[in-house]
Structure formats: C-alpha cells, structure tokens
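Residues in the sequence shown are numbered from 5 upward in steps of one, following the numbering used here.
We treat Cβ as the ideally placed atom computed from N, Cα and C, and that holds for glycine.
All remarks here apply to the structure that follows.
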Amino acid sequence: MSLMLSVALFAGCALVIGVVGTRLTGVVDTLADRTGMGEAIAGAVLMGMATSLSGIVLSVTAAWKGQPELAMSNAVGGIAAQTLFLTVADVALRRVNLEHAAASIGNLAQGTLLMCLLGMLLVARYSPEWTLWGIHPVTPLLFLGYVYGLRIIDEVRSQPMWMPRRTRETREDAPEDEAQRYSLTRLWGAFAALALLLGVSGWVMEKAATTLATETGMSQTAVGILLTSVATSLPELVTAVAAVRRGALTLAVGGIIGGNAFDTLFAAASDIAYRDGSIYHAVSDQTLLWIALSVLMTAVLLLGLVRREKHGPARIGFESVALVLLYGAGVAMVFHGGA
C-alpha cells in the first residue's frame with residue numbers, strides 16, 4: 005500500500021467514523037428513553053461499545069500481527085483523547101459548565117470504575133510476567149471487573165443512596181414521550197448497522213496506520229497515540245457534541261466515560277490476540293506514561309463532576325482547562341521522547 009493511498013484511506017475512515025457517530029447519538033438517545041435504561045447506562049454500554057468498535061478492531065488486529073505498541077497506544081491514547089473531547093462538548097454548552105449541568109451518580113460511578121480498570125493495567129505491567137496460553141492473569145480480571153462495575157452502576161442508578169443537589173441549570177435524565185413512536189426492532193437494527201460500519205472502518209484504518217508508520221518513520225507508539233487513537237475516537241467527539249445540542253447532557257458525559265471504560269478492554273482483547281506472551285510487558289514506558297496520564301485526567305474530570313463549578317475560565321470549567329494542559333503535556337513528551 006502506497007503512502008498516498010494510506011493517507012486517503014485513513015482520512016476516509018476518519019470521515020466515515022465521524023458521520024456515523026453523529027447518527028448514532030440520536031439512535032442511542034431514543035433507545036435510552038424507549039427501553040428505560042437511562043442515558044448514563046445507554047452512554048456507558050451502547051454508546052461506549054459502539055463508538056469503540058473501530059478502535060478495538062484496530063488494536064486486536066495490530067496485536068494479532070505482532071504490533072503490541074500500536075495496539076496498546078491506540079487503546080490508552082483513545083482514552084486520553086476522548087476525555088479531552090469533553091472540553092469541546094463543554095464549549096458547545098455555553099450557558100453553564102457541562103460538568104455542573106450533567107451531575108449524575110451514574111457518571112461518578114462510571115468514572116470510578118474507569119480508574120479501577122486503568123489501575124489494573126498498571127498492575128499488570130508491573131506484576132510478574134506469568135501467562136496461561138499466552139494470556140496474562142489480569143486479562144480475565146479486566147473483563148470481570150468491567151461487568152461487575154456495570155452491575156454496580158445500574159444499582160446506584162436505580163437505588164441511589166445519595167443524589168447531587170439540583171440547581172436551575174441541572175438537566176435531569178427524563179425520557180421523552182416522542183421516543184415511544186419508534187419501533188424497538190428498527191432502532192436496534194439501525195444501532196447494529198452503524199456499529200458494524202465503525203468496526204469495518206477500524207479494520208481498514210489499521211492497515212493504513214501500519215503503512216503510515218513504516219513510510220514516515222514514526223514509531224508505532226506515536227502513530228497509536230497521535231493518529232489512530234484520535235481518529236477512532238472521533239465518534240465520541242461528534243456524539244458528545246451532538247448529545248449536548250440535543251439536551252442529553254448525561255448521555256454526553258456518560259458516553260465519554262463509558263466509552264473509556266470499554267476502551268480498557270482493548271488491552272485485554274489485545275493480550276488474547278497477541279501470541280508472544282503478555283502484551284502488558286511488551287510495551288514501552290511511553291505507553292505506560294499515557295496510562296498514568298489517563299488516570300490523572302479521569303481524576304480531574306471526577307473532581308469537576310463533584311465540584312460542579314457553574315462558570316470557570318473562558319466560560320468552561322476548571323477541569324476542561326486542566327484536561328487541555330495535561331493532554332498537551334503528554335503530546336509534548338511523545339515528541340521529546342523521540343517517537
């Protein structure tokens with residue numbers, strides 16, 4: 005594959021991912037109301053899973069081909085990029101800080117789950133390099149932790165022990181009567197078709213990314229963190245902004261945090277696909293740095309959700325400013341490291 009063709013395919017896939025992500029927002033928002041699952045759970049499970057398909061296909065394909073750096077950097081780079089995208093959504097909601105208006109115990113629980121899963125990735129890296137059939141023991145624990153975490157999130161949503169204080173700007177997750185007009189069969193069919201398009205885009209993008217790394221001399225870590233993770237995360241950006249414009253603020257934040265939690269499973273799936281031992285021990289310190297950076301960015305986001313600042317610098321929350329600075333520092337360190 006030539007360099008020009010790779011660039012064209014990469015750009016084309018990014019465009020498809022962006023367009024499909026926009027359409028997906030409306031479908032998931034309607035499903036959340038139609039099924040009664042709520043925006044926080046729909047954002048974590050449906051939106052998070054569907055918008056992450058292109059990324060997980062790319063990571064698993066790269067791991068299967070023996071490219072652990074591309075697989076893991078795409079996963080953790082996507083988490084950082086998607087967290088940064090909440091800043092764009094915050095800008096789109098001009099009247100108040102997004103984290104103030106989208107206060108939700110479900111989103112706080114999702115953020116806590118995400119930090120636990122990211123912590124498990126670091127534990128896997130610094131634990132002994134034990135494997136069974138080429139799979140590290142932390143890999144199945146990641147899947148189990150994710151499923152158990154979703155169960156806890158559902159419990160705190162349905163039977164909360166405490167609730168955030170309501171203000172004039174708080175937007176509650178209330179089902180719209182209009183959603184009842186849509187057929188569940190049609191909605192699920194549209195969701196499956198859009199998710200499939202995202203998955204195919206990720207598969208094609210992996211081939212283009214591999215050629216870009218080879219032809220330009222960029223390392224797999226740089227390609228994963230600066231190119232593929234951002235491109236495969238475009239659905240989260242467009243769905244978050246589209247959700248804010250629809251007034252589905254809980255869905256906007258829940259889709260990002262839920263997608264990030266699902267993205268940690270990229271690493272688990274990649275470890276299964278990687279046949280040369282533990283993938284956690286096959287990556288560089290730069291990739292580990294981005295795991296730690298993702299933990300820090302998530303913690304800042306949680307602080308923003310707890311503090312609920314109405315207006316901060318440049319009419320966005322303090323956490324949005326901090327997220328921009330942290331992500332910029334991470335990118336600078338990638339270039340400083342000679343990636």
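Neighbour-count burial assignment, residue i, 16 or more Cβ in a 10 Å radius
i	result
G70	exposed
V151	exposed
V234	buried
P239	buried
P4	Residue coverage of the chain in this structure runs from 5 to 343, which leaves residue 4 outside it and unanswerable.
T232	buried
H140	buried
G258	buried
C17	buried
L74	buried
G115	buried
R249	exposed
V310	exposed
S162	exposed
S187	exposed
L329	exposed
A107	buried
L35	buried
D94	buried
L202	buried
A246	buried
L200	exposed
G262	buried
T143	buried
Y331	buried
L62	buried
V228	For the record, residue 228 in the displayed sequence is Gly; it is not Val. Buried.
Pair within 8 angstroms by beta-carbon distance, residue i and residue j
i	j	result
V64	I295	no
L327	V92	no
T225	S77	yes
D289	S282	no
L198	R27	yes
A271	I260	no
L7	E219	yes
G334	G321	no
S351	T215	The chain is shown from 5 up to 343; residue 351 falls before or after that span and cannot be answered.
I60	S205	no
N264	I109	no
L102	L90	yes
A128	Y284	yes
V338	L230	yes
V4	L50	One cannot answer for residue 4 here, as it falls past the ends of the chain, which runs 5 to 343.
F266	M124	no
V208	L13	yes
L154	R38	no
T302	T87	yes
L122	S298	yes
V85	S223	A quick correction: the sequence has Ala, not Val, at residue 85. No; because the gap between Cβ atoms is not below 8 angstroms, this pair is not in contact.
L112	L306	yes
D280	A273	no
Chain B within 8 angstroms of residue i, Cβ atoms only
i	result
S131	In summary, chain B is missing from the structure at hand, where a single protein chain is found.
One or two residues paired with residue i in a DSSP bridge
i	result
I139	L136
Any non-hydrogen atom of the ligand GTP within 7 angstroms of residue i CB
i	result
R250	No copy of the ligand GTP appears in this structure; indeed no ligand is present at all.
Length at least 4, wholly inside the segment 272-312: the alpha helix (DSSP H) runs in chain order: Entirely contained in the segment 272-312, the alpha helix (DSSP H) runs reaching 4 residues are, in chain order, 289-311.
Any chance you could list the alpha helix (DSSP H) runs of at least 4 consecutive residues sitting entirely within the segment 91-134, in chain order? The DSSP assignment places 102-105 and 109-130 as complete runs of the alpha helix (DSSP H) inside the segment 91-134, in order along the chain (cut-off: 4 residues).
Three Cβ pairs or more, each shorter than 8 angstroms: is that satisfied between the segment 249-259 and the segment 143-150? Touching, no, given that fewer than three Cβ pairs across the two stretches are closer than 8 angstroms.
At least three beta-carbon pairs within less than 8 angstroms, the segment 151-161 to the segment 127-134: Contact fails: fewer than three Cβ-Cβ distances are below 8 angstroms.
At 4 residues or longer, and completely inside the segment 212-246: list those alpha helix (DSSP H) runs for me, N to C. Taking only runs of at least 4 residues, the alpha helix (DSSP H) segments lying wholly in the segment 212-246 are 233-236.
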